[in-house]
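Peer 1:
Numbering (full-length UniProt numbering), first residue to last: 1 to 321.
1. What does the alpha-carbon distance come out to for the pair residue 215 and residue 251?
2. If you run the structure through DSSP and keep just helix, strand and coil, what is residue 166?
3. Span of the alpha helix (DSSP H) holding residue 49?
4. Quick one, which of 307, 300 and 181 has its alpha-carbon nearest residue 23's?
5. I need the boundaries of the beta strand (DSSP E) containing residue 93, first residue and last residue.
6. Can you tell me the Cα-Cα spacing of residue 76 and residue 245, whole angstroms?
7. For residue 14 and residue 86, I'd like the C-alpha separation in whole angstroms.
8. Three Cβ pairs or more, each shorter than 8 Å: is that satisfied between the segment 251-269 and the segment 147-158?
9. By the 10 Å Cβ neighbour count, where 16 or more other Cβ atoms means buried, how is residue 37 classified, buried or exposed?
10. Give me the Cα-Cα distance between residue 4 and residue 220, rounded to the nearest whole angstrom.
11. According to the neighbour-count rule (16 or more other Cβ atoms, all chains shown, within 10 Å of its Cβ), is residue 243 buried or exposed?
12. Looking only at its chain, what residues have a beta carbon closer than 6 Å to the beta carbon of residue 141, apart from the 5 residues adjacent to it on each side?
13. Hey, residue 70 and residue 7 are a contact pair by Cβ (cut 8 Å); roughly how many whole angstroms apart?
14. Of the choices 25, 67 and 82, whose alpha-carbon is the least far from that of residue 121?
15. Just curious, the alpha helix (DSSP H) that residue 148 is in, first and last residue?
16. Expressed to the nearest angstrom, what Euclidean distance is found between the alpha-carbon atoms of residue 118 and residue 293?
17. With DSSP run on the structure shown, which of helix, strand or coil describes residue 213?
18. Please report how far the alpha carbon of residue 80 lies from the alpha carbon of residue 183, in whole angstroms.
19. How long is the line joining the alpha carbons of residue 286 and residue 123, rounded to whole angstroms?
20. If you draw a straight line from the alpha carbon of residue 51 to that of residue 30, how long is it in whole angstroms?
21. Within 10 angstroms of the Cβ of residue 1, are there 16 or more other Cβ atoms? Answer buried if so, exposed if not.
22. According to DSSP, is residue 306 part of a helix, a strand, or is it coil?
23. Using 8 Å as the threshold, is the segment 46-65 in touch with the segment 125-140, meaning 3 or more CB pairs across them?
24. For residue 204, I'd like the list of residues in its chain whose CB is within less than 6 Å of its CB, leaving aside the five on either flank, ordered along the chain.
25. When the Cα atoms are used, what is the spatial distance from residue 53 to residue 159?
26. Considering just the uninterrupted stretch of the alpha helix (DSSP H) at residue 255, what are its terminal residues?
27. Run through DSSP, which three-state label would residue 24 get?
28. Roughly how many angstroms separate the alpha carbons of residue 307 and residue 66, rounded to a whole number?
29. Per DSSP, which one or two residues make a beta bridge with residue 183?
30. Excluding the 5 residues preceding and the 5 following residue 240 in the sequence, name in chain order all residues of the same chain whose CB lies nearer than 7 Å to its CB.
31. Which same chain residues, not among the five before or five after residue 303, have their C-beta less than 8 Å away from its C-beta?
32. Give me the Cα-Cα distance between residue 166 and residue 247, rounded to the nearest whole angstrom.
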């Protein structure tokens, strides 16, 4: 059975699948990254895991994976196949695509940013399916977005497209690690809501999920924290809507697990800020934490198709003397 390897490399663990042409996982597995042993150990863990998946495919399906796709965090040069920088993994300029291709006996390999891979999967298999233009926004430790255009995800000239979390929405706000003040992710990420709610309720162990539950109970302090986060998020989204004009905004990440407790006031806040802009449909993500892995598999199939097209073009070239 023809299949590809899909790998999603996170800060502490890796999710993987052998995936068929239709995006269906035929086999799934998880492994720790081993980041406590250093950056090179993480690379070795990725390579070993990929080789293990290749061996499983040979054993169970009678053939090796036709290609592989890998999603990684941080700054990624998709075209060169290099993991440029990842604070979580300690990586700098890791030529991961070449290393994986060598370990997988020359199979085509695609490397992509984890958030963009998640957006690709949501666009083709999840909440964005059938929608030509969408914005996938992930509300986690930080905030980032994937820009979906005509079945692909826009990476930008330097791989930085979609950094909506660093739109300044409160110029006099808190410092952000990026060097600016008042960035969206300092106010509306899951980490920001956790910090603000812990301070408001006096419990250092309180989380954003606890805040959402308190909002549902009508706790005034929780409502104040939540409303401030939603207002900041709406301000950031309206900037994105004005620039990109997506028909759909897909909201995912940890904070989105609050469901309509987040989405209902967010829709209202966005609508109240629009003037000439067309109001988008704001919907929850459909694939959860599987999105990055599924997107890596889709990248692998795209890479395989591109290699096939290149070979076809070469075969069609006529040489005259």
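For each residue, glycine too, the CB sits at the ideal point set by N, CA and C.
Computed from a predicted structure; not experimentally measured.
Peer 2: In short:
1. 19 Å
2. helix
3. 39-61
4. 300
5. 91-94
6. 26 Å
7. 15 Å
8. no
9. exposed
10. 50 Å
11. exposed
12. 191
13. 5 Å
14. 25
15. Note, residue 148: premise wrong, no alpha helix (DSSP H); beta strand (DSSP E) at 143-149.
16. 8 Å
17. helix
18. 30 Å
19. 10 Å
20. 14 Å
21. exposed
22. helix
23. no
24. 198
25. 29 Å
26. Run containing residue 255: none; DSSP gives neither H nor E here.
27. coil
28. 11 Å
29. 168
30. 135, 145 and 164
31. 67, 69, 108, 109 and 110
32. 22 Å
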